[in-house]
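In mature numbering (1 follows the signal peptide of the UniProt record, and there is no 0), the protein residues as written are -18 to -1, 1 to 139. What follows is a single structure, written as structure tokens, with notes after it.
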Amino acid sequence: MRYLLLLLFVLLCHYAKAQITNPFATLKYDSVVMYDFIPGGEEGQIVSKGKLDGKIKKRVVLDKATVNSLNKILGLKSSFNGIIAGCFDPHLGFVYYRSGKIVGHISVCLACNQLYSTPDIKRRMPGLSNSLRHYFNQLLIRYKFSYILTAAQEKKE
């Protein structure tokens, strides 16, 4: 019985720890660029082998307030609780630069409700929440990017 309780305690500690780890909150960078892109290559992410990949349709250098809000929402446990599909055909990317070099990146597919990042955002649930989808969609609208979601599409069940 003691061993069972110990095992349960260890598992609960691991579960609590594994909720979410946001490396972008502590990443050293000097600028963040938001990209509207058509994926290229096998992985389909905005960055492959340390370089931008795919066809860039539009780019916007984000202001400090927007980057801070992006980093904050990526760290919320409530930002990742949705279901996912299997397509992963991202069209929204965020690239973090330091002295002109890529130090981190995030590729988002709103169609299948997933994001992939380097460094990896450790989270318990892989799918984006409705609030995170709404946040990304508001950025798409603000900067007049492609692939803007309708109000119905924004709420992924």
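Glycine included, every Cβ here is placed at the ideal spot set by N, Cα and C.
In the DSSP assignment, L97 forms a beta bridge with V90. If you draw a straight line from the Cα of F19 to the Cα of H73, it comes to about 5 angstroms. DSSP places R105 in the strand class (E or B) of the three-state scheme.
The three-state secondary structure of F127, taken from DSSP, is coil. Separation of A7 and A47 (C-alpha to C-alpha, rounded to the nearest whole angstrom) is 13 angstroms.
In this structure L114 touches S61 by the C-beta definition: roughly 4 angstroms separates them, less than 8 angstroms. Rounded to whole angstroms, the gap between the alpha carbons of K39 and D45 is 20 angstroms. A134 and P21 have their C-alpha atoms roughly 25 angstroms apart. For S51, the enclosing alpha helix (DSSP H) covers residues K46 to L56. Scanning its chain for C-beta atoms nearer than 6 angstroms, with the 5 sequence neighbours on each side dropped, one finds around S99 the residues I88, in chain order.
In the DSSP assignment, F70 falls outside any beta strand (DSSP E) and carries neither an H nor an E. M107 and G64 have their C-alpha atoms some 7 angstroms from each other.
Under the DSSP assignment, Y11 falls outside any beta strand (DSSP E); it carries neither an H nor an E label.
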